[in-house]
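Heads up, the sequence shown is in my numbering, so the first residue is 1 and it goes up one at a time.
Presented below is the structure to which this report refers.
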Amino acid sequence: MPLLFVSLFAIAGCQSGQQGVDGRLLQPEVRPPEWPVGWTPTTGRERPDDVPTISLPPNGMARTTVTPTIIDTRTFPVAIQPNDPWEGGTARPGTLLPPHKRDKTMTDGPQRDLPLGGLLAESRIDPAPIFPGISQTPWTPPDPTLAVGPDRIVSTVNMAIAFYDKEGNEQFFANLDSTGNPGFFEELGSGTFTFDPKCFYDHYSERFFVLALEYYGGSDESWITVAVSDDSDPNGVWYKYRTWSVFDINGSDYWVDYPGLGFNEDTFYTTGNLFLLSGGGPGFRGAIYRLYPKAPMLVGDPVTWTDLNDTGSASVQCAQVYEPDGDTPPFFISNDSNSSLKIQSIRTVGGQPELRTTSVAIPSHDGSPPNGSNPGGSIDSLDGRIMNVHWRAGQLYTCHAVEDGNQSQSRWYHFDTGDWPGNNGNPPSPVLVQSGAIEFPGSQHSFFPAIASNKHDDVGLVIGHCQSNILPNVRVTGRTASDPAGTMGTPEVVVESETGADGRWGDYFDLTVDPVDDTTFWYIGEWATSSGWQTWIGSFIITEPGCDGDTNGDDIVNVNDLLAVIAVWGTNCNIGNGCDEDIDDSGLVDVGDLLLVIANWGNDCGE
């Protein structure tokens, strides 16, 4: 059975700290990145005795089991550990990783002059006030992500985690690594180097999910460390799993970098790039796909995960799945060429998971984007890799930044997945429905887009933006289902930096949809202050919420709408009947529609 830690002071690597004037324990000073000569976060570590050997054939499969540790954040000595902006020098996590390279040259595909939309003259969004997220830590870039539940928001950066209510009030803060009091992952054995964190809220199980990678060179350790909350409130119990990620592939060992993170109804998915750790094998071994069945992780039981390898893929991102139509498979997207994307899925064949791959044409572009010039220097906009993936009711969305002339330009794509990948036979590949460019005049740059859709088929997008004479800023935009194909509204600035920036930025922003109304979009981005980087969290809507029950269009949900639903009760809306009363689009006027009228009772939809 998992072990419940109730005493946090006996854990190796955790310091007790000193008491403040209010009697609370203060966080020990975070170790700065200016380490003594010869010291790194891996110094003095010994490789654990009980790590598994994961033998993974190229393009093959392996399975491994791990037991979780159960942690209750309410037992931490301090709920909100000191988190003032770090004002010392910052370190890039990549400088502490082994030398690792892959060929990032974008393959030239056939020229494809497919339709590519642009920007509308007007905005489509109604932004809400924003609030500050986690401020600068000793690490850069921040790699910010967020997860939005019914009442709480979780955010992660390099190398910290925080919980907020939806008004922006901070409820919890800790470092992810062992420099906290304690660190969020410290009790599992995590050391002082947890990087590339990500998080999401799984609306199926109503749980938060957090991931961070670990690497320790002196002991040849690589871990994918994950945590699942026990309910929809992150304040409390978490089931935490430290999963080994050193792979023996043909006698050489490989470690994992740059994760992707997604889910469907019954499985959590992570991906990552495989780089050589030791041995004489190739320096890059493609992508790893890790499948965690949800059921045991939701109750804190041991979990057996499955690893798949594709030597021909890199920087793969996983879809977060909404509105499934039954047995919805996972979806993964990565670059294929400058005129196509690689879409992948996993199906079970003969009791074994099988990776399926197809290539889908997109409008041609000029390859990897240039860096974003701004008053502070040049922002690294990365290499055109896919930023995030979102699936809803058969529609697949993704985005990245590409070169367009001398600009870094954010592009987004919408595919219809149809019956692909199917359980049997070879159904047609997904089809490109529409695509669009966030095209600014002159030499303006956009980068790090993140995309999602909601129940109204609105599509939201967050981007970074700058120009040689424009400070780095965060902008949001979106479209309604009735807008011309490929278009989005004029992006609105939601926060602008106080100073310029140079070097690594991002490496990604994040966008998700609120599970309460399935209408509101929430985003996180980065901006620069005189004290360093800062994250900001905000929300916006495109279609006004609360009008689902307004069946007669009089802009108020009242008894008339209730009577309208009752009058056509049981009507099958899939056989040509007019069905304004089928509010939940289930195809039948039934109790679901009645409950939506009641849930929205009294809403003034004309406001």
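Glycine residues also receive a C-beta, built at the ideal position from the N, C-alpha and C atoms.
Using C-beta distances below 6 angstroms, list every residue in its chain close to residue i, excluding the 5 sequence neighbours before and after it, in chain order.
i: M61; result: L308
i: W391; result: A319, V321, F331
i: D604; result: I556
i: G464; result: F447, F448
Would you report the Cα separation of residue i and residue j, rounded to the nearest angstrom?
i: N334; j: K342; result: Rather than Asn, the amino acid found at residue 334 in this sequence is Ser. One C-alpha to the other measures close to 5 angstroms.
i: F263; j: T53; result: 26 angstroms
i: I386; j: S345; result: 16 angstroms
i: F193; j: V494; result: 32 angstroms
i: T487; j: F448; result: 18 angstroms
i: Q352; j: Y241; result: 24 angstroms
i: P127; j: S531; result: 26 angstroms
i: S315; j: P48; result: 29 angstroms
i: S123; j: T543; result: 12 angstroms
i: Q171; j: W86; result: 20 angstroms
i: G592; j: A567; result: 15 angstroms
i: S539; j: Y523; result: 6 angstroms
i: N338; j: W412; result: 14 angstroms
i: S220; j: S155; result: With the sequence shown as reference, residue 220 is identified as Asp, and Ser is not the correct amino acid for it. The straight-line gap from Cα to Cα measures roughly 29 angstroms.
i: S135; j: P77; result: 22 angstroms
i: R152; j: G279; result: 46 angstroms
i: P302; j: P329; result: 24 angstroms
i: G180; j: T95; result: 22 angstroms
i: I379; j: P99; result: 22 angstroms
i: Q317; j: S359; result: 15 angstroms
i: P484; j: F415; result: 16 angstroms
i: D230; j: R207; result: 7 angstroms
i: G553; j: D580; result: 10 angstroms
i: I80; j: A160; result: 12 angstroms
i: T67; j: Y216; result: 21 angstroms
i: D103; j: S205; result: 39 angstroms
i: L97; j: L594; result: 56 angstroms
i: V282; j: D257; result: Correcting the residue type first, residue 282 is Pro in the shown sequence and not Val. Going from the Cα of P282 to the Cα of D257 covers about 16 angstroms.
i: P293; j: P138; result: 35 angstroms
Which residue's Cα is closest to the Cα of residue i: the options?
i: A641; options: G418, S381, P85; result: Because residue 641 is not part of the residues shown, which for the chain are 1 to 607, the question remains open.
i: A174; options: G489, P353, N235; result: N235
i: N371; options: G117, S482, S55, Q467; result: Q467
i: V389; options: G587, G251, Y508; result: Y508
i: F247; options: S232, R285, E265; result: R285
i: S435; options: Q395, S232, L97, S190; result: Q395
i: G418; options: R411, W412, S410, P427; result: P427
i: S368; options: M106, G133, G376, P472; result: M106
i: V148; options: P138, S135, D165; result: D165
i: A393; options: S190, S586, V78, G376; result: S586
i: P144; options: W569, T551, V559, T535; result: T535
i: D441; options: D483, A564, N406; result: It should be noted that the sequence gives Pro, not Asp, for residue 441. If we check each option's Cα against that of P441, N406 comes out closest.
i: P115; options: Q409, G460, I470, A361; result: A361
i: P377; options: M297, D383, L461, I470; result: At residue 377 the sequence reads Gly, which differs from the Pro that was named. The shortest Cα separation from G377 among M297, D383, L461, I470 belongs to I470.
i: P58; options: D458, N250, T271, R475; result: N250
i: D310; options: P324, Y289, D327; result: Y289
i: F521; options: V210, N374, I125; result: I125
i: S340; options: G384, G168, A162; result: G384
i: R625; options: W505, P282, I438; result: With the chain running from 1 to 607 in the structure shown, residue 625 is simply not present.
i: I130; options: I541, L563, I537, W601; result: I537
i: E526; options: T225, L146, D253, D233; result: L146
i: S313; options: D584, G425, G272, D517; result: G272
i: K101; options: S232, L277, F268; result: L277
i: L432; options: D404, H445, Y397, S443; result: Y397
i: G602; options: L594, V559, D584; result: V559
Report back the beta-carbon spacing between residue i and residue j to the nearest angstrom; my notes put them in contact at under 8 angstroms.
i: T69; j: E214; result: Going by Cβ atoms, the distance from T69 to E214 rounds to 14 angstroms, so no, they are not a contact pair.
i: W238; j: I71; result: 5 angstroms
i: N611; j: P197; result: In the structure as shown, the chain begins at 1 and stops at 607. Residue 611 is therefore absent and cannot be evaluated.
i: V51; j: W244; result: 5 angstroms
i: L274; j: A295; result: Not confirmed; about 28 angstroms, so no contact.
i: T140; j: W533; result: 6 angstroms
i: L120; j: G489; result: 5 angstroms
i: L298; j: V228; result: 7 angstroms
i: G218; j: R45; result: 5 angstroms
Suppose the cutoff is 7 angstroms on Cβ atoms and the five residues either side in sequence are ignored; what does the same chain contact list for residue i look like?
i: E498; result: A528, T529, S530
i: G183; result: A174, N175, L176, D177, S190
i: L4; result: Here the model assigns L4 a pLDDT of 35, short of 50, so the residue's position is not dependable, and the following value carries that caveat. Around L4: I70.
i: D561; result: G549, D550, T551, N552, V597
i: P502; result: The sequence shown places Asp at residue 502, not Pro. Taken in chain order, the residues that qualify are G376, G377, S378.
Please list, in chain order, all residues of the same chain as residue i whose beta carbon is under 8 angstroms from its beta carbon, the five residues on each side excluded.
i: R347; result: P329, P353, E354, R356, P421, G422, N423
i: V589; result: V565, V568, W569, G570, T571, C573, C579, E581, D582
i: P259; result: D196, K198, L211, L213, I224, T270, T271, G272
Does the contact criterion of 3 or more C-beta pairs under 8 angstroms hold for the region 510-526 versus the region 446-465?
yes
Give a yes or no on contact between the region 106-113 and the region 472-487, applying the rule of three or more CB pairs nearer than 8 angstroms.
Flag = no, the region 106-113 and the region 472-487 do not touch.
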